[in-house]
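Here the structure is laid out as structure tokens; the discussion comes afterwards.
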Amino acid sequence: MINPAFGKFAVLAIKTRDLAAMTAFYRDVLGLEPKASGETFTAFHTGAGGELVLWNDAAGPFVPGFAGADLEAAREALLDAKPTEIEDHPGGKHFYLTDPDGNTVAFSNG
23 MINPAFGKFA
33 VLAIKTRDLA
43 AMTAFYRDVL
53 GLEPKASGET
63 FTAFHTGAGG
73 ELVLWNDAAG
83 PFVPGFAGAD
93 LEAAREALLD
103 AKPTEIEDHP
113 GGKHFYLTDP
123 DGNTVAFSNG
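Dropping the structure here:
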């Protein structure tokens, strides 16, 4: 059972080499509605309460994420996994940790 402090598993980020092409594909071909964008990312509504993020500087090929987390409690519960410090991010705050295969896992309050 997921620790309630972690929030909902609601975000998937995909690392991309061509942000413009990937943005066009998910927007124009699959019909996802853009939620936010910046120089290094595009975030889409998934229609299921979560988001898909295309990210050209992600640490691994995929970045699973938890949204709506109680960041202080979640970070405290995960101290053995060596989480980063809590930082500002578009739409709120977040921290990261790395899984055994080197993939980044994100926790945000937004």
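Our numbering applies: residue 23 is where the sequence shown begins, and numbers increase by one.
We treat Cβ as the ideally placed atom computed from N, Cα and C, and that holds for glycine.
Computed from a predicted model, the values in this text were never measured in an experiment.
If you follow the beta strand (DSSP E) that residue i is part of, which residue opens it and which one closes it?
i	result
L74	73 to 77
T38	T38 -> no beta strand (DSSP E), and no H or E assigned at all.
L119	114 to 120
Assuming the contact rule is C-beta atoms closer than 8 Å, residue i and residue j should be a hit. Round their C-beta distance to whole Å, please.
i	j	result
W77	A35	5 Å
What's the C-alpha gap between residue i and residue j?
i	j	result
K44	T38	Residue 44 is actually Met in this sequence, not Lys. Rounded to the nearest angstrom, the two C-alpha atoms are 7 Å apart.
G71	P86	15 Å
E61	I24	33 Å
F88	A27	10 Å
S59	H67	12 Å
F47	P105	33 Å
G69	S130	19 Å
D110	D123	26 Å
Taking the alpha helix (DSSP H) that residue i falls in, what are its first and last residues?
i	result
A95	93 to 99
By the 10 Å Cβ neighbour count, where 16 or more other Cβ atoms means buried, how is residue i classified, buried or exposed?
i	result
F31	exposed
G29	buried
V51	exposed
DSSP has residue i in a bridge; who is on the other side?
i	result
A65	A58, V75
E107	E107 is not bridged to any residue.
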